[in-house]
Amino acid sequence: PVCDDDEEFAPTCQNRPDDMSELPTARSAIAERRKRGRYSMTTAIMRRECGGSRMQAPRHLLQDLHSTKAQTYAIEHEAGRDYGTPPFSLDFAKAKHAGILAVADEEGYISLINTSMQKQEDRSHVFSWMCHRNAIFDVTFSAGDDMLASASGDQTIRVWAMQPERPEAIATLRGHKGSVKSVQFRPHSRCELVSGARGGDIILWDTRVQQGGVSALSNTPLQQINNAHLRECSNSSSSRVSGGSAGGRATRAAPGSSVGSSRGKKASQGPPSVTSVVFIDEYVLASAGANDGAVKLWDLRKAWNHQGRSMPCKSFMT
Numbered sequence: 001p002v003c004d005d006d007e008e009f010a011p012t013c014q015n016r017p018d019d020m021s022e023l024p025t026a027r028s029a030i031a032e033r034r035k036r037g038r039y040s041m042t043t044a045i046m047r048r049e050c051g052g053s054r055m056q057a058p059r060h061l062l063q064d065l066h067s068t069k070a071q072t073y074a075i076e077h078e079a080g081r082d083y084g085t086p087p088f089s090l091d092f093a094k095a096k097h098a099g100i101l102a103v104a105d106e107e108g109y110i111s112l113i114n115t116s117m118q119k120q121e122d123r124s125h126v127f128s129w130m131c132h133r134n135a136i137f138d139v140t141f142s143a144g145d146d147m148l149a150s151a152s153g154d155q156t157i158r159v160w161a162m163q164p165e166r167p168e169a170i171a172t173l174r175g176h177k178g179s180v181k182s183v184q185f186r187p188h189s190r191c192e193l194v195s196g197a198r199g200g201d202i203i204l205w206d207t208r209v210q211q212g213g214v215s216a217l218s219n220t221p222l223q224q225i226n227n228a229h230l231r232e233c234s235n236s237s238s239s240r241v242s243g244g245s246a247g248g249r250a251t252r253a254a255p256g257s258s259v260g261s262s263r264g265k266k267a268s269q270g271p272p273s274v275t276s277v278v279f280i281d282e283y284v285l286a287s288a289g290a291n292d293g294a295v296k297l298w299d300l301r302k303a304w305n306h307q308g309r310s311m312p313c314k315s316f317m318t
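Sequence positions in the sequence shown follow my numbering and run 1 to 318.
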């Protein structure tokens, strides 16, 4: 097309050539700019995610990307084994513990690797401990690096305080009906976090809200969106939200309870797994679903209607 949103690489509507024969020349100029390196990977990603053409970034942006032997770390928990443990997720600390890389793996361990120091033969640059007796699918630091959260196949999330000696478990969050696939702290918070699971629910947690005051390690869901990515007919029931906030529009969710129904013919095609949850800001949450192939945005201040059904503010099909 002659008219494009990207002013750097295509003629705009105002600069459109009167003679369409000039179009090949304009395209040649665009190609020349790409060869000179003015076409960035960031621009390619933005164009693709905003619905533009799927143009590949030039290979010269990746030709210098490499990892030396000193920058390669094996995830090992038992001496003498000739193989390592598959890592599933990682996150870099960005504040007081900058340079620390948290790696979660298939055996339920988290390894904290100090990438700012040289590798040591005695592995003193690595500290590992078992967090779950099942695979860990996601790990994330809170703002300020004070807390670390791990999401596991045992259907729980554990929150760890980053103590000088070793991380200390301060909360075990239970309420999901399947393996927890994703977890993230709310921006600027060390107590609030969100998680998404294979069972299809999204739960907002606050580690300060305990379950009846019985145990400091047991917490109640603060807000819950069930069947967030259930694929169903347009005339069937929508997924429902439960929570203890929002002016009483919905009831508080009991831990592990299932609110609402999952009617619809297409619901049997697979579990409505939530594969990823990401905070856009303090109130808007993005989620990705494996069953419906959609990315949804949720405004946590008004994520449901007067009937208690979950209402994403926007949905994108991938």
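Positions of the beta carbon are idealized from the N, C-alpha and C atoms, including for glycine. All values derive from a computational prediction rather than experimental measurement.
If you draw a straight line from the Cα of Ser89 to the Cα of Ala169, it comes to about 19 Å. The residues Leu297, in chain order, have a CB closer than 6 Å to that of Lys314 in the same chain once the five nearest residues on each side in sequence are set aside. For Gln223, the uninterrupted beta strand (DSSP E) segment begins and ends at Gln223 to Ile225. The residues Ile113, in chain order, have a CB closer than 6 Å to that of Tyr73 in the same chain once the five nearest residues on each side in sequence are set aside. Pairing Asp299 with Leu285, the inter-Cα distance amounts to about 6 Å. By the beta-carbon neighbour count (other beta carbons within 10 angstroms, threshold 16), Gly175 is buried.
Checking the DSSP bridge columns, you'll see Ser89 partnered with Ala104. Between the C-alpha atoms of Thr68 and Met130 there is a straight-line separation of about 28 Å. With a beta-carbon spacing of about 10 Å, Val277 and Val180 fall beyond the 8 Å limit used to define contacts.
Counting only residues of its own chain and dropping the five nearest sequence neighbours on each side, Arg198 has a CB closer than 7 Å to the CB of Gly178, Ser179, Lys181, Pro271 and Ser273. It is roughly 9 Å from the alpha-carbon of Asp206 to the alpha-carbon of Gln223.
Here Gly196 carries a strand assignment [DSSP, helix/strand/coil].
With a beta-carbon spacing of about 5 Å, Val183 and Ala149 fall inside the 8 Å limit used to define contacts.
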